[in-house]
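In what follows, a single structure is set out as structure tokens and then discussed.
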Amino acid sequence: AVYTIVDKDTCIACGACGAAAPEIYDYDDEGISYVILDQNEGTTKVPEDLIESLEDAQEGCPTESIKIADGPFNGNVLKYE
Ligand code: F3S
Numbered sequence: 002a003v004y005t006i007v008d009k010d011t012c013i014a015c016g017a018c019g020a021a022a023p024e025i026y027d028y029d030d031e032g033i034s035y036v037i038l039d040q041n042e043g044t045t046k047v048p049e050d051l052i053e054s055l056e057d058a059q060e061g062c063p064t065e066s067i068k069i070a071d072g073p074f075n076g077n078v079l080k081y082e
């Protein structure tokens with residue numbers, strides 16, 4: 002299983018992730034990204050058919066704010082670092 006979360010502290014609202022993976026990422030009122038699937042808790046498995054766009058989003062983020070792991074984050078962006 003694959004999980005994702007956005008580090009909202011390092012996101013600079015560049016907008017690339019939502020373009021690459023609009024089913025996964027959206028932006029708050031200030032343009033900061035979050036994971037739609039679970040309100041950025043990182044607890045919902047990313048559906049198989051979205052994995053490719055997930056990887057595109059991670060590669061495209063200039064601040065490495067898109068975190069991906071094979072276990073749930075439970076709201077902790079730095080859990081696996
Ligand atoms: Fe932010 Fe990176 Fe997305 S800077 S808007 S998380 S591509």
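Each step along the sequence shown adds one to the number in the UniProt record's numbering, with nothing skipped, and position 12 is 13. For every residue, glycine included, the Cβ atom is placed at its ideal position computed from N, Cα and C. None of the values given here were measured: they were computed from a predicted structure.
Simplified DSSP assignment, three categories, for residue i
i, result
"residue 8", "coil"
"residue 66", "coil"
"residue 27", "strand"
Assigned exposure category for residue i - 16 Cβ within 10 Å defines buried
i, result
"residue 68", "buried"
"residue 43", "buried"
"residue 55", "buried"
heavy atom of the ligand F3S below 7 Å from residue i C-beta
i, result
"residue 1", "There is no way to answer for residue 1, as the model of the chain reaches only from 2 to 82."
"residue 7", "yes"
"residue 26", "yes"
"residue 64", "yes"
Alpha helix (DSSP H) segment containing residue i, residue limits
i, result
"residue 18", "17-21"
"residue 59", "52-61"
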